[in-house]
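Here the structure is laid out as structure tokens; the discussion comes afterwards.
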Amino acid sequence: MVNGRLRSLKGVAQLKYLRSQVGVMIKDCKAATQAEVNMNQRDRAPVFLVSGLLVVLALLTACTAVGEGSQAAGPADEVTIQLSWLPDVEFTGFYTALDRGFYADEGLDVTLQHVQFDENGVPISSIDVVTGGEAQFGVVDGGVLLEARESGAPIVAIATIYQRHPLALTSLAENEIVQPQDLVGKTVHVSFVSQTVYNALLASQEIDPAEVNTVERTDFTIQPLLTGEADVIDAWVTNEVVDLELEGYEVNTILPFEYGIAIYPDVIFTTEDLIASNPDLVARFLAATLRGMRTAIDEPEYAAELTLNYDDTLSAEKLDASMFRSLPLLNPAGSQPGLMTADVWETTHQILLDQKMLAGPLDVTEAYTMEFLNAYYGE
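Here numbering that gives the first Met the number 0 is used: the first residue of the sequence shown is 0, the next is one more, and so on.
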């Protein structure tokens with residue numbers, strides 16, 4: 000599989016070859032010039048020298064071009080990626096890859112498209128955008144991807160953004176809700192998008208849902224927690240938890256992923272057709288994106304500031320805090336940016352089956368591919 004690393008090695012080899020040819024040309028030029036002098040044809044020597052030097056300059060220019068990347072010579076491939084939500088640190092890998100020119104290095108002209116809404120204000124599914132041909136890549140929840148495949152959507156995950164789910168059942172520290180069993184008898188506000196993970200947590204801890212007063216969350220601020228309307232809200236550690244802490248509140252969080260509830264919240268996906276017809280494009284796109292993710296992780300302050308370019312109404316202070324909260328989710332110890340595991344996909348599959356969100360078992364291995372990640376990381 001062609002990827003950035005393989006192209007770099009090829010470029011180095013070409014560079015060495017061209018430099019050797021420059022050396023040969025210079026030697027030949029000197030020898031020929033000396034021969035001309037010996038033949039008392041000094042009037043021709045300057046012409047030959049100029050011609051030789053022009054060839055040398057041309058070869059040096061070729062060396063520079065090879066050193067800058069083999070994709071630069073041809074026209075860039077236009078690519079659109081449909082993101083799953085509004086500007087946020089979650090997408091800093093894409094922002095960084097675009098800002099640092101990593102996509103351009105791979106011969107790509109990339110357009111980032113944040114979530115779109117229909118006339119009723121309902122978010123348009125990134126799956127619909129990609130399968131409709133309006134984008135080549137998209138971001139979506141891993142569980143939603145499995146449901147879509149059951150419905151016939153020919154989509155495949157090629158990497159993930161967060162390797163740990165950011166969902167945190169959040170409460171004020173004074174209420175001393177620190178473990179799942181403490182939810183019994185409490186009022187918990189849970190949004191529709193968090194129901195799958197929340198239900199899986201209760202089931203894994205053998206908690207009867209009837210013993211918890213679960214209410215659909217419709218107020219997406221932190222106010223229900225502060226007014227006492229809710230004892231617990233479903234929050235992301237990168238969002239509402241940061242809001243509460245910046246306002247000076249001490250909080251407790253119950254993180255479902257610490258209890259084995261493994262679902263990727265934001266996988267990067269494309270179509271089966273694109274993988275089959277143009278795997279090189281997929282490899283180049285992912286290579287640049289992974290470079291962007293690595294850079295964002297290594298330079299979190301820069302990545303947070305870059306997010307402001309996409310929405311200057313956001314709080315720089317919150318973005319900084321959110322980015323640092325994201326780091327262990329983006330790149331857990333012992334892992335690499337973007338990596339997925341078969342275990343997480345199988346766990347997700349089983350959670351959906353247990354909650355009857357799938358009509359029956361799927362061949363989950365067809366829902367994702369490690370091909371491009373393995374090629375990039377040399378595995």
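Ideal Cβ placement from N, Cα and C applies to all residues, glycine included.
Three-state secondary structure assigned by DSSP to residue i
i: A332; result: coil
i: A315; result: helix
i: F371; result: helix
i: H348; result: helix
i: L166; result: strand
i: N198; result: helix
i: Q222; result: helix
i: A358; result: coil
i: T340; result: coil
i: I253; result: strand
i: Y16; result: Model confidence at Y16 stands at a pLDDT of 35, short of 50, so the residue's coordinates are unreliable; what they give is reported in the following sentence. Of the three classes helix, strand and coil, the one that applies to Y16 here is helix, per DSSP.
i: D233; result: strand
i: T306; result: helix
i: I267; result: strand
i: E298; result: coil
i: D279; result: helix
i: Y376; result: helix
Nearest to residue i (by Cα), restricted to the options the options
i: T169; options: A103, D230 and T95; result: D230
i: D342; options: G141, E105, E133 and V128; result: G141
i: W235; options: H164, D181, E246 and A172; result: H164
i: T346; options: G120, S203 and L97; result: S203
i: E210; options: V187, F191 and A199; result: V187
i: T340; options: L254, V138 and T159; result: T159
i: A172; options: G247, G73, L273 and V214; result: G247
i: E146; options: L200, I126 and G137; result: I126
i: A134; options: N330, T79 and Q222; result: T79
i: D98; options: S325, Q349, Y309 and H348; result: Y309
i: E149; options: T364, L357 and G377; result: L357
i: Y301; options: V88, V177 and G132; result: V88
i: N212; options: D181, M322, A315 and N119; result: D181
7 Å Cβ shell around residue i - same chain, five flanking residues per side excluded
i: L144; result: I154, A156, V266, F268 and A366
i: S334; result: Q162
i: D353; result: A202
i: F323; result: P299
Short Cβ contact (9 Å threshold) for residue i with residue j
i: T368; j: T270; result: no
i: P336; j: R283; result: no
i: L338; j: L372; result: yes
i: N174; j: K185; result: yes
i: Q81; j: V121; result: no
i: F101; j: A287; result: yes
i: A96; j: G291; result: yes
i: L200; j: P264; result: no
i: Y94; j: T306; result: yes
Close beta carbons around residue i, own chain, < 8 Å, minus the five adjacent residues each side
i: E244; result: V250 and A320
Nonlocal neighbours in the same chain, by C-beta distance under 6 Å from residue i, ignoring five residues either side
i: F191; result: none
i: T110; result: T79
Practice prompt. Report the residue ranges of all beta strand (DSSP E) runs contained in full by the region 118-181; include only those spanning at least 3 residues, in chain order.
Written response: Runs of the beta strand (DSSP E) inside the region 118-181: 136-139, 154-159 and 166-171.
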